[in-house]
Structures are given as structure tokens and as C-alpha cells.
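Worksheet for the structure shown next.
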Amino acid sequence: MSDLGTGESPASAAVGVPPVERAIRLLRAIADGDSVTNMSRTARALAINRTTLMRLLQTLESERFIERRPQGDGYRIGLGLVGIAAGASYSQDLVQTAMPVVTHLAESVGLSAHVGVLDGTDALYLVRQVPNVPLASNIHVGSRVPAYATTLGRIIVAFWPDDKIDRVFGDLAFTTYSKHSPRTLGAFKAMLAADRAAGLAWSESHYVSGVSSFAGPIFDRTGEPVAAVNVTGPAQVFSTEPGRRGRIGDAVRAAADEISKRLGHVVKPAAPAAPTTRRRTA
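Start counting the sequence shown at 6; every next residue gets the next number (the working numbering).
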């Protein structure tokens, strides 16, 4: 007869990985309200060695799966774990919401169009739509590119608060992809300031020689920059006729705004300008 007191079925015991199972049991206990203020009691309840319990707590905390409670005693589920669960659901919603808009964008401008999010210091591509034209983008769904090297990543970071940029990118070693690549955090922040002022990120041979790109930010209902949409293609396509580059930028901006609206973002109207008065002269 198997011992069911540990909460394991014979099947799970046969194929399970004990360290992973212990971590899962601990996470479930914390989620159920055990803040681990008494390590000996938690160790007994979970049938985990006290030393192993301490190591699990340290590992899970370093990965932000758990965090210290505000009172300083014990633990609670951390943002790292919450973010994984929320991100999986949100990514599916984002893809479904963005797909028709990105499809129309790619067809209307004749360029490859993408939607992506940030994962750490990388831009992660979630959507790719390619028009029936030669020289289409070789970026695929699941591709990762350093955020500072692509318009898709830059325009998201451009709307981050300064302290978050410092925290995430402060220790990053910047790789040089072209003469335009930022080599320091200061140079990257100067590039972001220009992107934020323009409301779009522009690149010409910044990452791949001869390839240009525009990207616009996507905001959620809270006003947070959660993703971006961009188009990429041969540099000459952006200048085949007067004004074409500007029209492509406008199309990207409109697509980003449309996806943002579908995610619940409401753009606040600009405050009316103060009336001016003329000084009467004699």
C-alpha cells in the first residue's frame, strides 16, 4: 500500500522530480496562507528537511517567486510568480487583439509587421505578419533581440520611469551592432528621450545593415507601456517616393493606438491652450 499522507499519488511518485515537488508543495503552502514564520512547523507539515526548506526559500526568493511580507516576518507569493501566470494569459489576449490590426498594417504598407513585449532586457516577438513581397523580415515568433538594438524594445523602454531603466539596464554590457548602437546606459537613455519625444522609434541600419524600422508603443488600460508594434523592411522602401517614410510612421502610430484602444487604453484629450491677450497700443 502506498503512503498517501505525503499528498503524492503512486504515479506522481514514480515520475516526479523530488526537488521540484518540494518547491511546489512549499509554494502551495505559502499561497494557502502559511507564511513560514515557524520553519520547524512548516518543515514538518511538508515533510521537508529544515535545511532544505531554508535553501528552497532562498532560491524562490531570489527568483521573486516569493517575497518577504511587509511586516518583515515570513513570506508571501511574489511578483515573479504572479507575473508568469498573468503574462501567459495576457500574451494570449494581446496576440488575439493585435492580429487583425497587424495584418492590416503589413498589407497597407507592404512591410513585415510585428508585435512584441519586453522580457528582461530583450524584446520578445509574439506576432509576425509578412506581406506577399520579396525581402520580408526574417524575424520569427519567439525571436529575441536586445531591447536597445531594436525599435520594438526601445519604444517600450522609452515610456518607463527613469529609475526602472536604471534598475533593469544599469549593469548591462551593451553589444555594438552598428555605429548607431548605444555603448553606454547614458547613450541609450539619450536615444530613449528622442524616441519618447517623437512618440515613435526609428532605425536605419541600427541592427541589420540596410534595414529600416518604425515602432510605436502599445499601452494598456492603466496607461502602462506593455508592448509595441513595428514594421521593418529594406531601407530603400522607406524612401521610394516623397513622404513615404512619414506615411509609414503615421500608419505604425495609428496601429499602435488602435491596439491600445482595444486593450482598454483611453487617451486623455490635451488641455485647451490658454487664451492669449493682446496688449492694446495707443
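Just so it is clear, CB atoms sit at the ideal spot from N, CA and C, and this is done for glycine as well.
None of the values given here were measured: they were computed from a predicted structure.
Asked                                                                                                                                                                             : Found
Look up Y212 in the DSSP assignment and say whether it is helix, strand or coil.                                                                                                  : coil
Within 10 angstroms of the Cβ of S218, are there 16 or more other Cβ atoms? Answer buried if so, exposed if not.                                                                  : buried
Look at the alpha carbon of D255 and the alpha carbon of A178, and state the distance between them as a whole number of angstroms.                                                : 34 Å
Based on Cα-Cα distance, which residue from R49, G251, N235 lies nearest to T108?                                                                                                 : N235
With a threshold of 16 other CB atoms inside 10 Å of the CB of D176, please say whether the residue is buried or exposed.                                                         : exposed
Does the segment 216-230 come into contact with the segment 178-194, if we say contact requires no fewer than three beta-carbon pairs (one atom in each stretch) closer than 8 Å? : no
Does the Cβ of P247 lie closer than 7 Å to at least one heavy atom of the ligand NAP?                                                                                             : Absence of the ligand NAP from the depicted structure is noted, as is the absence of any ligand whatsoever, leaving it without description.
Pull up the distance between the alpha-carbon of D8 and that of I53, whole angstroms please.                                                                                      : Low local confidence applies: a pLDDT of 35 at D8 is under 50, so the model's placement there is unreliable, and no value is given.
In whole angstroms, what is the alpha-carbon distance linking R30 and H145?                                                                                                       : 37 Å
Measure the alpha-carbon distance for Y209 versus M44 and round it to whole angstroms.                                                                                            : For clarity, residue 209 is Glu in the given sequence; the question names Tyr instead. Distance between the alpha carbons of E209 and M44: 57 Å.
Quick one: using the 10 Å Cβ neighbour count with 16 as the cut-off for buried, is E263 buried or exposed?                                                                        : buried
I need the boundaries of the beta strand (DSSP E) containing S3, first residue and last residue.                                                                                  : Coverage of the chain is limited to positions 6 through 287, which leaves residue 3 absent and any answer about it impossible.
Below 6 Å CB to CB, which residues in the same chain sit around D200 once its five sequence neighbours on both sides are set aside?                                               : R159, I160, A163, A206
Between the Cα of Q241 and the Cα atoms of G115, V22, R81, which residue gives the shortest distance?                                                                             : G115
In three-state DSSP terms, what is A178?                                                                                                                                          : coil
Grab me the residues of E66's own chain with a C-beta within less than 8 Å of its C-beta, minus the 5 sequence neighbours each way, in chain order.                               : E72, R73, Y80, G83
Hey, which unbroken runs of the beta strand (DSSP E) at 3 residues or more fall wholly within the segment 186-268?                                                                : 206-209, 216-224, 230-239
Do you know offhand how far D171's Cα is from R49's?                                                                                                                              : 42 Å
By the three-class DSSP mapping on this structure, what secondary structure does R74 have?                                                                                        : coil
For E112, which residues in the same chain have their Cβ closer than 7 Å to its Cβ, ignoring the five residues on either side in sequence?                                        : P136
In three-state terms, what does DSSP make of G133?                                                                                                                                : According to the sequence as given, residue 133 is Arg; it is not Gly. If DSSP states are grouped into helix, strand and coil, R133 belongs with the strands.
By the DSSP assignment, the beta strand (DSSP E) with I82 in it spans what residues?                                                                                              : 80-82
Compute the distance between the beta-carbons of P222 and A261, then report whether it is under 8 Å.                                                                              : yes
Around the C-beta of A118, are 16 or more other C-beta atoms found within 10 angstroms, so that it is buried, or is it exposed?                                                   : buried
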